[in-house]
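Chemist: Starting off with a structure, shown below.
2 protein chains.
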Amino acid sequence: MELQLDGNGTLHAQLTRALKAAMLAGLVGSRLPPSRLLARELNLSRNTVLAAYEQLRAEGFIESRVGSGSYVATPLPAVRPAPPPPLGDVAAQSTRARRVRECFEHGAMPGRDVPGARHAFQYGVPMANPALSSNWARALSHAALYTSPGYPHTQGLLELREATCDYLARRRGVHALPQDVLIVGGTQQAIALIADVLIDPGDVAVIEDPHYFAIRSVLQARGACMRAMDVDGDGMTCDELPRSGAKLLCVTPSHQFPTGAVMSLSRRMALLDYAKRHQAWIFEDDYDGEFRYGGKPLAALRSLDEHNRVIYVGTFSKALFPAMRLGYLVMPPQLRRDFISAKWLSDFASPGIEQAALAHFIKDGAFERHLRRTAHELKARRQALIDGLRACSRGRLRIEDSQAGMHLVVWLPGHGDADVAGLIAHAQGIGLGLYSIAPYYLRPQDRGGLLMGFGAMSVAEIEQSLALFARSLDAVFPVLSAKPPPPPPAPRPTRRIRQGRSRAGSGSR
Amino acid sequence: MELQLDGNGTLHAQLTRALKAAMLAGLVGSRLPPSRLLARELNLSRNTVLAAYEQLRAEGFIESRVGSGSYVATPLPAVRPAPPPPLGDVAAQSTRARRVRECFEHGAMPGRDVPGARHAFQYGVPMANPALSSNWARALSHAALYTSPGYPHTQGLLELREATCDYLARRRGVHALPQDVLIVGGTQQAIALIADVLIDPGDVAVIEDPHYFAIRSVLQARGACMRAMDVDGDGMTCDELPRSGAKLLCVTPSHQFPTGAVMSLSRRMALLDYAKRHQAWIFEDDYDGEFRYGGKPLAALRSLDEHNRVIYVGTFSKALFPAMRLGYLVMPPQLRRDFISAKWLSDFASPGIEQAALAHFIKDGAFERHLRRTAHELKARRQALIDGLRACSRGRLRIEDSQAGMHLVVWLPGHGDADVAGLIAHAQGIGLGLYSIAPYYLRPQDRGGLLMGFGAMSVAEIEQSLALFARSLDAVFPVLSAKPPPPPPAPRPTRRIRQGRSRAGSGSR
């Protein structure tokens with residue numbers, strides 16, 4: 002009998018597995034070799050063999066007859082050869098799995114690591130912050146000692162919901178009660194729950210174009226019919242809204258993702274009016290309202306909602322760090338029990354200790370102290386990026402006005418996505434990761450641009466990266482004139498994105 | 002102008018909100034009162050009023066004319082009265098939400114707290130364990146300092162997947178590679194992902210009867226057609242399997258939930274054979290394989306699976322504590338990308354710091370040391386419960402054989418669920434929480450029983466609780482004979498649950 006031990010786990014477990022496979026494959030005959038013999042053959046201790054036989058006996062694979070040794074059990078199924086496992090892919094096993102495959106086949110997820118890049122203007126990478134790590138370690142350690150180890154409340158820890166309400170009232174103008182708040186595993190889970198509660202296949206969902214790609218994927222996986230609306234300097238355009246038949250409007254009014262536009266009051270009112278008239282719902286994604294560099298923050302759309310049509314979602318991924326996976330959803334009261342059930346069915350509840358640590362972190366002021374310090378540092382990084390881009394632009398770049406967050410959109414006027422791909426490829430060749438804005442659009446665009454995240458880079462790193470960027474820019478889009486560079490041209494209205502009134506007026510374009 | 006401040010947040014935010022509401026309600030006229038006047042009227046500082054006006058101006062609600070004060074902005078939407086928000090429920094907004102409502106309407110979730118009970122035989126409540134809390138606090142605190150704060154890998158931290166594979170090979174006979182493992186937010190999320198990947202409305206899913214209620218709810222929410230199969234002492238019966246048309250079989254072979262039966266080898270083989278023939282999938286829920294009190298543990302069904310039809314799911318909720326919300330799913334390779342996509346769409350990834358802490362906890366041996374200590378204590382608790390039940394039984398109770406976990410099923414032969422409800426009501430009246438087994442069945446049963454969790458109670462608490470239990474038992478099911486109690490009757494075969502061969506022979510019946 003040839004037995005191959007696979008090297009995983011104890012010798013006794015390996016031998017048990019190997020014997021079982023041999024028996025199923027019909028290689029053993031009706032009687033097993035005496036333990037002493039097998040031990041010698043395999044160079045194992047006899048105790049190991051006895052333990053394996055004992056295990057096989059307990060599992061019903063072998064039977065012992067007194068004085069006559071161990072026999073392969075007879076209710077063992079018909080002896081058959083072990084086929085190689087079918088390792089290839091199978092067809093999608095559900096409609097949803099099929100839709101997800103289609104959705105991800107049309108292009109990889111944007112924003113991934115660029116192989117070989119020393120620097121990358123990657124979006125969604127948090128600022129390294131040792132002070133935050135050690136504060137958070139203390140908060141977690143304290144919470145682990147004093148938090149109930151049992152199943153957490155599905156809606157979320159009351160202390161965290163209270164702290165969230167207090168924060169929302171002070172900083173975002175949103176007046177919510179703890180009973181309206183659902184603690185979720187980040188914005189991504191919030192979107193999934195919104196889809197669970199609201200979306201049937203064929204329902205129309207409006208998204209901004211460009212938009213946060215994860216929203217689109219989740220809704221497409223449910224079979225929603227996507228309607229993309231143009232974005233200009235006043236946020237998402239609303240002209241086509243009345244004819245859209247939309248049941249759900251997904252918007253980022255405080256800071257449009259990714260362009261950075263702030264939605265004007267009249268459009269906010271138009272959204273609310275549409276939702277009220279058509280019994281539709283608004284998903285307000287307030288993903289990075291915490292970091293602003295100019296102007297007063299506008300109150301959230303939710304604060305204007307008199308008919309309970311707005312589902313407000315915030316996250317701690319941006320304000321603290323993404324590994325945390327905590328966010329919150331302010332539920333319209335009519336949908337409260339549906340959202341709580343949907344959360345229960347998804348994962349029962351979010352982790353208890355982290356919730357307790359976060360509640361304490363917010364209540365004792367550590368959270369807002371962290372926000373102030375981080376905003377100060379992010380402002381310097383943003384300014385370094387803007388200054389550097391202006392210095393190397395020579396008319397080739399247009400920086401989209403944006404007064405918040407950790408990224409900027411930079412257009413390359415007169416160039417489409419194919420040209421931008423050339424720039425990205427060149428930059429990658431010299432060790433710089435750049436990211437096209439194209440994957441953030443549902444509909445193909447005739448103009449190219451970059452989404453430049455700056456949150457994770459120090460000012461020095463930004464300056465080094467910009468030197469590489471300028472090299473690539475000059476190589477791919479050389480400035481032909483030998484004369485000194487002309488002043489940057491006045492912003493030209495383009496077909497899709499109009500110049501809105503520049504409320505904050507950073508002059509960054 | 003009457004303004005009502007709501008007491009939430011700063012005075013400035015309260016005043017802003019109140020003014021906004023008043024403007025929208027048409028109570029302000031075209032010009033706002035001078036700030037000095039309003040400050041005096043409301044007994045606020047003038048700076049507060051100026052800040053509120055400034056905020057309203059930034060949000061486009063008011064316009065200033067030089068030398069002439071603040072005016073309500075004219076693009077403000079038509080002045081309208083603020084209606085009371087529609088706080089009542091609305092119709093379910095999606096097919097799924099409707100199914101969920103139906104599912105939860107047919108009875109509350111079982112196992113909830115019993116109001117007023119001093120003691121409760123509640124299932125799913127963890128053992129209080131100060132040593133575990135302080136070890137876990139240390140692990141978390143260390144992980145917080147050394148774990149990347151960025152988005153965790155969707156499939157889960159490699160270190161945790163490696164530690165899980167090693168543990169599975171040594172303790173459960175499951176041979177998996179880190180690439181086969183998906184880290185999830187507990188068994189509940191595993192079920193939801195399985196449904197995402199495999200289930201379309203109308204697909205047939207087989208469940209054990211009785212079963213873990215959360216499985217049923219998740220599958221019903223997706224519109225699966227549920228087929229319940231009887232359970233006996235050898236686990237789920239398989240006679241009706243070939244005619245079921247099932248695409249998914251949900252089983253607990255190591256320790257049937259809740260009866261405790263261990264599935265026989267021949268039935269395991271019948272399941273695998275069905276899955277292979279019909280291209281069906283098996284969800285093996287190994288929810289509490291860590292704690293065993295007798296017999297050798299059977300290797301997992303997954304270890305016999307030669308055709309990659311078994312999805313193996315384990316959780317740390319039982320082995321450690323439920324507030325953690327971490328578990329794992331061993332994916333068949335053909336479904337790997339579908340499961341990872343489904344996890345990505347659900348919540349991107351599980352929290353990074355907890356994953357790192359858990360990986361370290363397993364790798365340095367703390368996890369298995371904890372398991373050994375806990376199993377020792379649980380064994381004593383289980384024995385105290387069995388001894389106490391036997392002492393008070395006098396022929397009225399039958400304890401289901403179960404050699405693992407943190408609960409027992411106790412039948413009341415000759416009594417249906419209505420009688421059991423009487424016992425539960427009496428017990429609640431004297432401060433003891435008891436739980437019927439009825440909600441764990443899909444099909445109504447003609448015999449009554451209790452699911453008795455013992456994990457959270459000390460031996461002393463179990464003894465106190467059993468004194469209350471005996472009082473209720475005597476009050477509701479008095480032993481009429483005045484003679485000394487007869488020896489307990491030999492186990493009678495019942496219609497639905499046969500006496501299987503008692504492999505472990507605890508003699509607990």
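So the protein sequences, as listed, match chains A and B. Going by the numbering used here, the first residue of the first sequence is number 2, and it counts up by one from there. Going by the numbering used here, the first residue of the second sequence is number 2, and it counts up by one from there. We put the beta carbon where it would ideally sit given N, CA and C, even for glycine. Just so we're clear, the structure is a prediction, and the values are computed from it rather than from any experiment.
1) Going by CA-CA distance only, name the one from A/Ala229, A/Gly8, A/Met24 that's closest to glutamate 307 of chain B.
2) In chain order, what are the residue ranges of uninterrupted beta strand (DSSP E) at least 3 long that sit wholly in the region 149–192 of chain B?
3) Kindly confirm or deny that the region 137–152 of chain B and the region 356–374 of chain B touch, where touching means at least three C-beta pairs closer than 8 Å.
4) Would you identify the three-state DSSP class for valine 126 of chain A, choosing helix, strand or coil?
5) Taking 7 Å as the limit between beta carbons, can you name the residues of its chain near threonine 148 of chain A, skipping five residues before and five after?
6) Between valine 198 of chain B and chain A, is any beta-carbon pair separated by less than 7 Å?
7) Which residues bound the alpha helix (DSSP H) around phenylalanine 317 of chain A?
8) Suppose contacts are defined by Cβ-Cβ distances below 7 Å. Is glycine 454 of chain B in contact with glutamine 221 of chain B by that definition?
9) Using a Cβ-Cβ cut-off of 7 Å (strictly less than) and excluding sequence neighbours within five positions of leucine 169 of chain A, which residues of its own chain qualify?
10) Is the distance from the Cβ of arginine 47 of chain A to the Cβ of alanine 40 of chain A below 7 Å?
11) If you compare alpha carbons, which of B/Gly125, B/Ala276, B/His408 is closest to glycine 151 of chain A?
12) Strictly by DSSP, which residues pair up with methionine 453 of chain B?
13) Relative to the C-alpha of leucine 390 of chain A, which candidate in A/Ile341, A/Leu336, A/Phe470 has its C-alpha closest?
14) Is any beta-carbon of chain A found at less than 7 Å from that of glutamine 335 of chain B?
15) Assuming arginine 32 of chain A and tyrosine 72 of chain A make a contact with CB atoms under 8 Å, what is their CB distance in whole Å?
16) Any idea what DSSP makes of aspartate 420 of chain B, helix, strand or coil?
17) Who are phenylalanine 284 of chain B's beta bridge partners in DSSP?
18) If we call anything under 7 Å between Cβ atoms a contact, is methionine 237 of chain A one with alanine 206 of chain A?
19) DSSP on lysine 21 of chain B, reduced to helix/strand/coil?
20) Excluding the 5 residues preceding and the 5 following glycine 328 of chain A in the sequence, name in chain order all residues of the same chain whose CB lies nearer than 8 Å to its CB.
21) Taking phenylalanine 368 of chain A as the reference, which of A/Ala439, A/Val29, A/Leu161 has the closest Cα?
22) Check distances from the C-beta atoms of the region 176–210 of chain B to those of chain A and list, in chain order, the residues that come in under 7 Å.
23) Going along the chain, which residues of the region 30–60 of chain B sit with their C-beta nearer than 9 Å to a C-beta in chain A?
24) Helix or strand or just coil, what does DSSP make of glutamate 401 of chain B?
25) Give me the DSSP bridge partner(s) of valine 115 of chain A.
26) Note down, in chain order, each residue of its chain lying with its Cβ closer than 8 Å to the Cβ of threonine 155 of chain B, except the 5 sequence neighbours on either side.
27) Comparing C-alpha positions only, which one of B/His279, B/Thr253, B/Gly234, B/Val232 sits nearest to aspartate 247 of chain B?
28) Beta-carbon separation of arginine 268 of chain B and cysteine 239 of chain B under 7 Å?
29) Do the region 256–264 of chain B and the region 391–404 of chain B make contact, defined as three or more Cβ pairs closer than 8 Å?
30) Out of curiosity, what's the CA-to-CA distance linking serine 347 of chain A and isoleucine 387 of chain A?
31) Measure the Cβ-Cβ separation of alanine 468 of chain B and histidine 427 of chain B and say whether it is below 7 Å.
32) Consider the Cβ of alanine 83 of chain A: report whether some Cβ of chain B lies at a distance smaller than 7 Å.
33) So with Cβ pairs under 7 Å, would you call arginine 382 of chain B a contact of chain A?
34) Quick one: which chain B residues come within Cβ less than 9 Å of glycine 125 of chain A?
35) Mapping DSSP to helix, strand and coil, what is leucine 12 of chain A?
36) Output the distance between the C-alpha atoms of leucine 272 of chain B and leucine 266 of chain B, rounded to the nearest integer angstrom.
Modeler: Reading it off the structure:
1) Taking the second sequence and counting its residues from 1, one reaches residue 307 of chain B at position 306. The alpha carbon of glutamate 307 of chain B has as its nearest neighbour, out of A/Ala229, A/Gly8, A/Met24, the alpha carbon of A/Met24.
2) If we require 3 residues or more, the beta strand (DSSP E) runs fully inside the region 149–192 of chain B come out as 182–185.
3) As far as the Cβ criterion goes, the region 137–152 of chain B touches the region 356–374 of chain B, which means the pair count is three or higher.
4) On the first sequence, residue 126 of chain A is found 125 positions in, with the first residue counted as 1. Residue state, collapsed to three classes: coil.
5) Taking the first residue of the first sequence as position 1, residue 148 of chain A is located at position 147. Taken in chain order, the residues that qualify are Gly353, Ile354, Ala357.
6) Within the second sequence, residue 198 of chain B is the residue found at index 197, counting from 1. Yes, its Cβ sits closer than 7 Å to a Cβ of chain A.
7) The count along the first sequence starts at 1 and reaches residue 317 of chain A at position 316. From DSSP, the alpha helix (DSSP H) with phenylalanine 317 of chain A extends over 317–320.
8) Reading the second sequence from its first residue, position 453 is the one you call residue 454 of chain B. Reading the second sequence from its first residue, position 220 is the one you call residue 221 of chain B. Going by C-beta atoms, glycine 454 of chain B is not nearer than 7 Å to glutamine 221 of chain B.
9) Start at 1 with the first residue of the first sequence, and residue 169 of chain A comes out as number 168. Result list for leucine 169 of chain A: Val175, Ala177, in chain order.
10) As a first step, residue 47 of chain A must be located in the first sequence, where it is residue number 46. As a first step, residue 40 of chain A must be located in the first sequence, where it is residue number 39. It is a contact, given that the beta carbons lie within the stated cut-off.
11) Sequence index remark: in the first sequence, residue 151 of chain A carries index 150 (1-based). With respect to the C-alpha of glycine 151 of chain A, the residue from B/Gly125, B/Ala276, B/His408 having the closest C-alpha is B/Gly125.
12) Translated into positions along the second sequence, residue 453 of chain B becomes position 452. DSSP output for methionine 453 of chain B lists B/Leu409 as bridge partner(s).
13) Walking along the first sequence from the start, residue 390 of chain A turns up at place 389. When each option's Cα is compared against that of leucine 390 of chain A, the closest is A/Phe470.
14) Start at 1 with the first residue of the second sequence, and residue 335 of chain B comes out as number 334. Chain A, which has a Cβ nearer than 7 Å to the Cβ of glutamine 335 of chain B, makes this yes.
15) For the purposes of this step, residue 32 of chain A is identified with residue 31 of the first sequence, where counting begins at 1. For the purposes of this step, residue 72 of chain A is identified with residue 71 of the first sequence, where counting begins at 1. With a Cβ gap of about 5 Å, arginine 32 of chain A and tyrosine 72 of chain A count as contacting.
16) Counted from its first residue, the second sequence places residue 420 of chain B at position 419. In this structure, aspartate 420 of chain B counts as helix in the three-state DSSP scheme.
17) Here residue 284 of chain B refers to the residue found at position 283 of the second sequence. In the DSSP assignment, phenylalanine 284 of chain B is bridged to B/Cys251, B/Ile312.
18) Taking the first sequence and counting its residues from 1, the one referred to as residue 237 of chain A is at position 236. Taking the first sequence and counting its residues from 1, the one referred to as residue 206 of chain A is at position 205. For methionine 237 of chain A and alanine 206 of chain A, no; Cβs fall outside 7 Å.
19) Stepping through the second sequence from its first residue, residue 21 of chain B is reached at position 20. It is helical.
20) Within the first sequence, numbered from 1, the residue matching residue 328 of chain A stands at position 327. Once the five neighbours on either side are set aside, the close Cβ partners of glycine 328 of chain A are Ile184, Val185, Gly186, Gly187, Thr188, Gln190, Ala191, Val314, Gly315, Thr316, Phe317, Ser318.
21) Translated into the one-based positions of the first sequence, residue 368 of chain A becomes position 367. Residue A/Leu161 is the option with its Cα nearest to phenylalanine 368 of chain A.
22) Residues passing the 7 Å Cβ filter: His176, Gly186, Gly187, Gln189, Gln190, Ala193, Asp197, Val198, Leu199, Ile200, Asp201.
23) Legend: CB atoms of the region 30–60 of chain B lying less than 9 Å from CB atoms of chain A belong to residues Glu55, Gln56, Arg58, Ala59, Glu60.
24) What you label residue 401 of chain B is simply residue 400 of the second sequence in a count that begins at 1. Looking at glutamate 401 of chain B - three-state DSSP - the assignment turns out to be coil, as it is neither helix nor strand.
25) For the purposes of this step, residue 115 of chain A is taken as residue 114 along the first sequence, with counting starting at 1. Within the DSSP secondary-structure output, valine 115 of chain A pairs in no beta bridge.
26) As a working note, residue 155 of chain B is residue 154 in the second sequence. By the criterion of a C-beta distance shorter than 8 Å, threonine 155 of chain B is surrounded in its chain by Ile341, Lys344, Trp345, Phe349, Ala350, once the five residues flanking it on both sides are discounted.
27) In the second sequence, the residue the question calls residue 247 of chain B occupies position 246. Strictly speaking, residue 247 of chain B in this sequence is alanine, with aspartate absent from that position. Checked all of B/His279, B/Thr253, B/Gly234, B/Val232; the closest Cα to alanine 247 of chain B is B/His279.
28) Within the second sequence, residue 268 of chain B is the residue found at index 267, counting from 1. Within the second sequence, residue 239 of chain B is the residue found at index 238, counting from 1. Going by C-beta atoms, arginine 268 of chain B is nearer than 7 Å to cysteine 239 of chain B.
29) With the cut-off at 8 Å, the region 256–264 of chain B and the region 391–404 of chain B touch.
30) Taking the first sequence and counting its residues from 1, the one referred to as residue 347 of chain A is at position 346. Taking the first sequence and counting its residues from 1, the one referred to as residue 387 of chain A is at position 386. Straight-line Cα distance between these residues: approximately 42 Å.
31) Here residue 468 of chain B corresponds to residue number 467 of the second sequence, with the count starting at 1. Here residue 427 of chain B corresponds to residue number 426 of the second sequence, with the count starting at 1. With contacts defined by Cβ atoms closer than 7 Å, alanine 468 of chain B and histidine 427 of chain B do not form a contacting pair.
32) For the purposes of this step, residue 83 of chain A is taken as residue 82 along the first sequence, with counting starting at 1. Confidence at alanine 83 of chain A is low in this model, with a pLDDT of 39, below 50, so its placement is unreliable and the value that follows should be read with caution. Yes, its Cβ sits closer than 7 Å to a Cβ of chain B.
33) On the second sequence, residue 382 of chain B is found 381 positions in, with the first residue counted as 1. For arginine 382 of chain B, the answer is no, since every Cβ of chain A falls outside 7 Å of its Cβ.
34) Within the first sequence, the letter at position 124 stands for residue 125 of chain A. By Cβ distance, chain B contributes Gly151, Tyr152.
35) Position 11 of the first sequence, counted from the start, is the residue given in the question as residue 12 of chain A. When secondary structure is reduced to three states using DSSP, leucine 12 of chain A falls in the helix class.
36) The residue labelled residue 272 of chain B in the question sits at position 271 within the second sequence. The residue labelled residue 266 of chain B in the question sits at position 265 within the second sequence. Using only the alpha carbons, I get a separation of about 10 Å.
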